[in-house]
Amino acid sequence: MQNSSGTDSFVSINPLTDSELLSNTANQDKLAFEQLYARYSSILYSLIMKIISDRGISEKILVEVFLILWRRIGDFDKENVFTSLILLARNKALDFLKRRSENTEHPEYDEDYERFEILPTLSKEIKPLELHDALKVKYEIGEMVKGLTDAQRYVLSLFYFEGLNETEISQKLKIPLPTVRSKLQVATDILLDKTRTLVA
Amino acid sequence: MDKSRLLYLITLEAMGCITAKESSELLKAMKSEKNFPWKEMGEYQNLAALLSMVVNQESPAKNLKDLVLKEIEKIKPESEIESNVSTGRESNSAKIEKKGKETDNIPDDSLEQDDNKKSELKIVDHSSEFEEVKAKLFKIKDDRKNPSEPGYQLLEEDIEEIPFVKSEKQKKSGNKFLKKRTAVAASLAFAVIVLSTIYFLYFFDDDIEEQKKLATKETEMLISKSRIIPKEQEPVVILQNTEQVESKNDQPDKLILLEERNVPKVQPEMIEQVKENKSQKPDLPPLQSPDFIDAPLVIEMTEDNSETDADYLATSIPEKQLPPKEEIVVNEEPVYFVAVEEMPEPIGGISGIQKRIVYPELAKRAGIEGKVLVLAFVDESGNVTKAEVIKGIGLGCNEAAINAILQTKFKPGIQRGKPVKVRVTIPVTFKL
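Quick mapping for you: the protein sequence lines, in order, are chains A and B.
Letter 44 of the first sequence, counting from 1, is numbered 44 in my numbering, and no numbers are missing.
Letter 390 of the second sequence, counting from 1, is numbered 590 in my numbering, and no numbers are missing.
Next up, the structure:
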């Protein structure tokens, strides 16, 4: 909680919004880039760390994420910095996990792969979110997730933090595929309903 | 496509667990479906992003920011590339104009090249380097050869020689490069002489041919190892050596021969450098040769006769001082004490380590608790150089314990008032 209040004050001192910072970064404004780093590095790092559980590797991935931001700034959705960056970091970390496991074939990591699979393709209609919006509802989101049943939460975390696909989860938990699907769908629908009221 | 299927794909995509096949299915739907549920997709994506807020916040290492900033210096963002292409071309064409005074044919060619490579910035850059090098070469060539020669012919020659000249561009390293080259050539020559003299003396009646082959093979091995002498010169060096198996004095001649062979390929500056180096050369071979000569010479002398030689042998061995080297090698292996007067202590105590533990998700879910015993190697400055699990409980806990200990700074162990390397066993408790 300390963290969120700290970041809030930082945001209020700094009048520029995330998307303004991103547009400035697109014009090679290194200061804007630094500010984006200052705002997002810890949340992105925490997320990557949660997925990878290794400091060294997580830091490397974090660096990669910011390098992708700098290199592919033209491909970013200027209005949705928060969602883009979070999903980018998540995808990058999960991609690392998948590549590390040996039992599956990995597509080649090239320009196109990074463009379409690692960079999130955001919806055409998406409500812009900023980091400070998200920080405001942080507590509520925690409560929301706690409100799920244990099984739902577990399946969701296998999807979200371990990047397993539905077949892998059904094998791992030894439950039929449709059950996995329904768990995921019910869980996300509950969460979605609640976030609608939250953000609105 | 069925809307519920679409929504499910969208959910999977947002949650980051979509397979490649499903992903392409979704992409196709995004392009073709008229009533694609964009609004829902946006909601799911925002939800996925918001879910990240549940993780406990921690900050990355502070120096990481500098690393990122350093790295982005090397990368040009997409928008910058276009502008650079144009400026790159301008400067290129400027150079071409200057050069146009000297030759008429080239500018057209290189302009064409430029047009072909518009899209690729890197190649354009190279071509500008290329131009510089060419320009240099022209100067040199003009100085050296008769200026009446047509420029067109020169161009073809030059292109072949470009790799050679590029290495010269860095003059300092080039200088070293030359020194090394001449030194290696000299020492190789020496080695070959010595080997072949021995073979002559010992195997005079035997197949000299075979021995020669062996010797040349050895030198070839050496050459291929060092890879410093261009391939063309290898046979020459060897031939000279096998023919002139007489004295050490012929070395300078050989080196001059080498230089002469270089002349057509090398610009005058380079030759000057070689000549400068030449003044140092007489010192170099005697310094290096003993290593090659010692052993065979000794054998010769002892077999030949006389006690004085034996004395020489006796004195020469201690000079080599091989045994001390071995001792040093032994000393380099770090010795970690087990018990010292003052054992190392983690700064912040055991609870400090405990705080650094990141409880693995897997163990948390499986409800794994217990104790991991870690053997930590603490050096004189209190850093943990190595950590091993003696007894673990698995499910990621062992790694988590090792990570936590590796990050912990220790108060070093003290023996007789001096900090020493110590290995200590540390229990790390995992409790939910």
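In this text, a Cβ means the ideal position worked out from N, Cα and C, and glycines have one as well.
Under the DSSP definition of a beta bridge, which residues are partnered with L573 (chain B)?
Position 373 of the second sequence, counted from the start, is the residue given in the question as residue 573 (chain B). DSSP, once it has assigned bridges, lists B:K591 and B:P627 as partnering L573 (chain B).
Any idea what DSSP makes of K174 (chain A), helix, strand or coil?
Residue mapping note: residue 174 (chain A) aligns to position 174 of the first sequence, counting from 1. Of the three classes helix, strand and coil, the one that applies to K174 (chain A) here is coil, per DSSP.
For A214 (chain B), I'd like the list of residues in its chain whose CB is within less than 8 Å of its CB, leaving aside the five on either flank, ordered along the chain.
Mapped onto the second sequence, residue 214 (chain B) falls at position 14. Result list for A214 (chain B): M241, Y244, Q245, L247 and A248, in chain order.
Apply the 10 Å Cβ neighbour rule to D95 (chain A) and answer buried if 16 or more other Cβ atoms are within range, or exposed otherwise.
By 1-based counting over the first sequence, the position of residue 95 (chain A) is 95. Label assigned to D95 (chain A): buried.
Let me confirm a value: D203 (chain A) is counted as buried when at least 16 other C-beta atoms fall within 10 Å, else exposed. Which label applies?
No statement about residue 203 (chain A) is possible, as the shown extent of chain A runs from 1 to 200 and does not include it.
Quick one: does Q199 (chain B) have its CB under 7 Å from some CB of chain A?
Residue numbering for chain B in the displayed model covers 201 to 632; residue 199 (chain B) lies beyond these limits and cannot be assessed.
Hey, quick one: how far does the beta strand (DSSP E) through Q245 (chain B) stretch, first residue to last?
For the purposes of this step, residue 245 (chain B) is taken as residue 45 along the second sequence, with counting starting at 1. Note, Q245 (chain B): premise wrong, no beta strand (DSSP E); alpha helix (DSSP H) at W238 to L251.
Could you name the residues that DSSP lists as bridge partners for E545 (chain B)?
Counted from its first residue, the second sequence places residue 545 (chain B) at position 345. Answer by DSSP bridge pairing, in chain order: B:K611.
Inspect the beta-carbon positions of L606 (chain B) and L562 (chain B) and report whether they are closer than 7 Å.
Translated into the one-based positions of the second sequence, residue 606 (chain B) becomes position 406. Translated into the one-based positions of the second sequence, residue 562 (chain B) becomes position 362. Result no, Cβ atoms of L606 (chain B) and L562 (chain B) do not sit closer than 7 Å.
Report yes if the CB atom of K138 (chain A) is closer than 7 Å to the CB atom of V155 (chain A), and no otherwise.
Reading the first sequence from its first residue, position 138 is the one you call residue 138 (chain A). Reading the first sequence from its first residue, position 155 is the one you call residue 155 (chain A). Cβ atoms of K138 (chain A) and V155 (chain A): not closer than 7 Å.
Indicate whether at least one CB of chain A lies closer than 7 Å to the CB of D249 (chain B).
By 1-based counting over the second sequence, the position of residue 249 (chain B) is 49. Note on identity: in this sequence residue 249 (chain B) is Ala, with Asp being the wrong assignment. Output row for A249 (chain B): interface = yes.
Quick one, are the C-beta atoms of E545 (chain B) and K591 (chain B) less than 7 Å apart?
Here residue 545 (chain B) refers to the residue found at position 345 when the second sequence is read from its first residue. Here residue 591 (chain B) refers to the residue found at position 391 when the second sequence is read from its first residue. No, the pair does not count as a contact, with Cβ atoms beyond the cut-off.
Could you tell me the boundaries of the alpha helix (DSSP H) in which K60 (chain A) lies?
Here residue 60 (chain A) is taken as the residue at index 60 of the first sequence, counted from 1. R55 to R71 is the span of the alpha helix (DSSP H), which, as asked, contains K60 (chain A).
Based on Cα-Cα distance, which residue from A:L87, A:K172 and A:R71 lies nearest to E111 (chain A)?
Translated into positions along the first sequence, residue 111 (chain A) becomes position 111. Comparing Cα positions, the closest option is A:R71.
If we ignore side chains and look at the alpha-carbon of each, how far apart do L21 (chain A) and Q554 (chain B) end up?
In the first sequence, counting from the first residue as 1, residue 21 (chain A) sits at position 21. In the second sequence, counting from the first residue as 1, residue 554 (chain B) sits at position 354. Distance between the alpha carbons of L21 (chain A) and Q554 (chain B) is about 39 Å.
Quick one: grab the DSSP three-state call for T585 (chain B).
Residue mapping note: residue 585 (chain B) aligns to position 385 of the second sequence, counting from 1. Of the three classes helix, strand and coil, the one that applies to T585 (chain B) here is strand, per DSSP.
So the candidates are A:D133, A:S19, A:E64 and A:L67; which of them puts its Cα closest to the Cα of K78 (chain A)?
Here residue 78 (chain A) corresponds to residue number 78 of the first sequence, with the count starting at 1. If we check each option's Cα against that of K78 (chain A), A:S19 comes out closest.
Helix, strand or coil, according to DSSP, for K618 (chain B) in the structure here?
Counted from its first residue, the second sequence places residue 618 (chain B) at position 418. Of the three classes helix, strand and coil, the one that applies to K618 (chain B) here is strand, per DSSP.
Report all residues from its chain with a CB closer than 8 Å to the CB of P176 (chain A); omit the five preceding and five following residues, and keep chain order.
As a position in the first sequence, residue 176 (chain A) is number 176, starting the count at 1. For P176 (chain A), where only same-chain residues beyond five positions count, the Cβ hits under 8 Å are S170.
Pairing CB atoms from the region 82–99 of chain A with CB atoms from the region 141–148 of chain A, are three or more of them under 8 Å?
No contact exists between the region 82–99 of chain A and the region 141–148 of chain A.
Does DSSP put F76 (chain A) in a helix, a strand or coil?
As a working note, residue 76 (chain A) is residue 76 in the first sequence. If DSSP states are grouped into helix, strand and coil, F76 (chain A) belongs with coil.
Grouping DSSP H, G and I as helix and E and B as strand, with all else coil, what is V254 (chain B)?
Taking the first residue of the second sequence as 1, we reach residue 254 (chain B) at position 54. Of the three classes helix, strand and coil, the one that applies to V254 (chain B) here is helix, per DSSP.
State yes or no: is the beta carbon of G163 (chain A) nearer than 7 Å to at least one beta carbon in chain B?
As a working mapping, residue 163 (chain A) is identified with position 163 in the first sequence. So yes, G163 (chain A) belongs to the interface.
The ligand MN and V574 (chain B): does the residue's C-beta get closer than 6 Å to at least one heavy atom of that ligand?
Among the ligands in the structure shown, none appear at all, so the ligand MN cannot be discussed.
Tell me, to the nearest whole angstrom, how far the beta carbon of L148 (chain A) is from that of I190 (chain A); I am working on the premise that it is less than 8 Å.
Taking the first residue of the first sequence as 1, we reach residue 148 (chain A) at position 148. Taking the first residue of the first sequence as 1, we reach residue 190 (chain A) at position 190. Sure, about 7 Å apart at Cβ, within 8 Å.
Mind pulling the chain A residues with CB within less than 9 Å of C638 (chain B)?
Missing from the structure shown is residue 638 (chain B); chain B here goes from 201 to 632 and no further.
Using a Cβ-Cβ distance under 7 Å, would I175 (chain A) count as near chain B?
Looking up residue 175 (chain A) in the first sequence gives position 175. Taking Cβ atoms only, chain B never reaches closer than 7 Å to I175 (chain A), which makes this a no.
Does V180 (chain A) come out as helix, strand or coil in the three-state DSSP assignment?
Residue mapping note: residue 180 (chain A) aligns to position 180 of the first sequence, counting from 1. The answer is helix: DSSP assigns V180 (chain A) an H, G or I state.
Determine, using beta carbons only, whether E125 (chain A) comes closer than 7 Å to chain B.
Within the first sequence, numbered from 1, the residue matching residue 125 (chain A) stands at position 125. Cβ-Cβ to chain B under 7 Å: yes for E125 (chain A).
What does the Cβ neighbour count give for L212 (chain B), buried or exposed, with the cut at 16 atoms within 10 Å?
Here residue 212 (chain B) refers to the residue found at position 12 when the second sequence is read from its first residue. So L212 (chain B) counts as buried.
Could you give the distance in angstroms between the alpha-carbon of I614 (chain B) and the alpha-carbon of F630 (chain B)?
Mapped onto the second sequence, residue 614 (chain B) falls at position 414. Mapped onto the second sequence, residue 630 (chain B) falls at position 430. Each residue's Cα considered, the two are about 30 Å apart.
DSSP state of V145 (chain A), grouped into three classes?
By one-based count along the first sequence, residue 145 (chain A) stands at place 145. Helix at V145 (chain A).
At least one CB of chain B closer than 7 Å to the CB of Y109 (chain A): is that the case?
Within the first sequence, residue 109 (chain A) is the residue found at index 109, counting from 1. It does not; no Cβ of chain B falls within 7 Å.
Out of B:E233, B:C217 and B:L267, point me to the one whose CA is closest to F159 (chain A)'s CA.
Within the first sequence, the letter at position 159 stands for residue 159 (chain A). Of B:E233, B:C217 and B:L267, the residue nearest in Cα terms is B:C217.
Quick check: is the beta carbon of Y37 (chain A) nearer than 7 Å to any beta carbon in chain B?
To locate residue 37 (chain A), count along the first sequence from 1; it is residue 37. Chain B, which has a Cβ nearer than 7 Å to the Cβ of Y37 (chain A), makes this yes.
For chain B, check one thing: does any of its Cβ atoms lie closer than 7 Å to the Cβ of L76 (chain A)?
Within the first sequence, numbered from 1, the residue matching residue 76 (chain A) stands at position 76. Reading off the sequence, residue 76 (chain A) comes out as Phe, not Leu. By this cut-off, F76 (chain A) is not an interface position.
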